[in-house]
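Visitor: First residue of the sequence shown: 793, per the numbering used here; consecutive thereafter.
Yeah, the Cβ is synthetic: ideal placement off N, Cα and C, and Gly gets one too.
Got a structure for you, written out below as structure tokens; questions coming shortly.
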Amino acid sequence: LLDRAAELFAEAGQFVRAAEIRHDQNRFADSAALYEKAGRFDNAGQILATQGEWARAAECFVRAGRMSLAAEMFEKGGHHAQAGERYAEAGFQRHAAQAFVRAQAWAQAAAALEAVVTEEFARASSGGDARRQKELRTLVLQAGKLYEQAGQLERAQAVLERGGCFAAAAELAARADRHAQAAELFLRAQDPLRAAEALR
């Protein structure tokens, strides 16, 4: 008499035991709900994920403190902004940036990418190989472009400047009519002709 047993376990507050019975009966939604009542959010999340209930599974994983798993579930469910937030909380800034780009949340994507750049610069402070330097430059340019898309031109310029992409930073300064600043940046980019144009 499994139904009656499950009901009595639930009435007695033994939700885990009731959840196990419901799981054995292939009543997965009931099982997940009982695991949630028991505070066993990890178990509930895993059951919901097998049923393709991505958003509910994600919420359970958030409550279980499993942020990277929650992010994956949100991503599968097409909730990219929430996926980005969870990836960022879990410290996976590259994944966060990608998720924010899919959500067209440009400022958040740029901030996540800037965090990656900062981390990479700290690692590459001992020089690093040419390939790594090139990859880092690409990340800096992407972060700048994302800030630009978000309409945050000053932050875009700052990240480009900090990343050593002086020509790109100078172009932004020139577009914002900060010509003296643009000239200085063009000089740092070893482009005296454009520096002279900016000064003129």
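Using 8 Å as the cut-off, can you tell me whether the segment 954-963 makes contact with the segment 927-936, which would need three or more C-beta pairs spanning the two stretches below that distance?
Guide: Result yes; three or more Cβ-Cβ pairs closer than 8 Å.
Visitor: Rounding to the nearest angstrom, what Cα-Cα distance links Leu873 and Lys926 in this structure?
Guide: Taking the first residue of the sequence shown as 1, we reach residue 873 at position 81. Taking the first residue of the sequence shown as 1, we reach residue 926 at position 134. This sequence places Ala at residue 873; Leu is not what is there. If you take the alpha carbons of Ala873 and Lys926, they lie about 29 Å apart.
Visitor: For Ala990, which of Ala981, Leu931, Leu861 and Glu976 has the nearest alpha-carbon?
Guide: The residue you call residue 990 lines up with position 198 of the sequence shown. Minimum Cα distance to Ala990 is reached at Glu976.
Visitor: Quick one: measure Cβ to Cβ for Val908 and Gln885, integer angstroms, because I've assumed they're closer than 8 Å.
Guide: Residue mapping note: residue 908 aligns to position 116 of the sequence shown, counting from 1. Residue mapping note: residue 885 aligns to position 93 of the sequence shown, counting from 1. At roughly 5 Å, the Cβ-Cβ gap stays under 8 Å, so Val908 and Gln885 are in contact.
Visitor: By alpha-carbon positions, which one of Arg967, Ala830 and Glu953 ends up nearest to Leu979?
Guide: Taking the first residue of the sequence shown as 1, we reach residue 979 at position 187. Of the listed residues, the one whose Cα sits closest to Leu979 is Glu953.
Visitor: Hey, which unbroken runs of the alpha helix (DSSP H) at 4 residues or more fall wholly within the segment 816-858?
Guide: Runs of the alpha helix (DSSP H) inside the segment 816-858: 820-829, 833-842 and 846-855.
Visitor: Could you compute how far the alpha carbon of Ala981 sits from the alpha carbon of Ala889?
Guide: Counting from one through the sequence shown, the residue named residue 981 turns up at place 189. Counting from one through the sequence shown, the residue named residue 889 turns up at place 97. For Ala981 and Ala889, the distance between alpha carbons rounds to 28 Å.
Visitor: List the endpoints of the continuous alpha helix (DSSP H) containing Ala975.
Guide: Locating residue 975 in the sequence shown gives position 183, counting from the first residue. Its alpha helix (DSSP H) spans residues His971 to Arg980.
Visitor: Starting from the N-terminal side, write out each stretch of the alpha helix (DSSP H) that is 4 residues or longer and does not extend beyond the segment 854-939.
Guide: With a minimum length of 4 residues, the continuous alpha helix (DSSP H) runs that stay inside the segment 854-939 are 859-868, 872-882, 885-894 and 898-915.
Visitor: So, at 6 Å on beta carbons, what are the nonlocal neighbours of Phe833 in its own chain, with the 5 sequence-adjacent residues on each side left out?
Guide: Numbered from its first residue, the sequence shown carries residue 833 at position 41. Result list for Phe833: Cys852, Arg855 and Ala856, in chain order.
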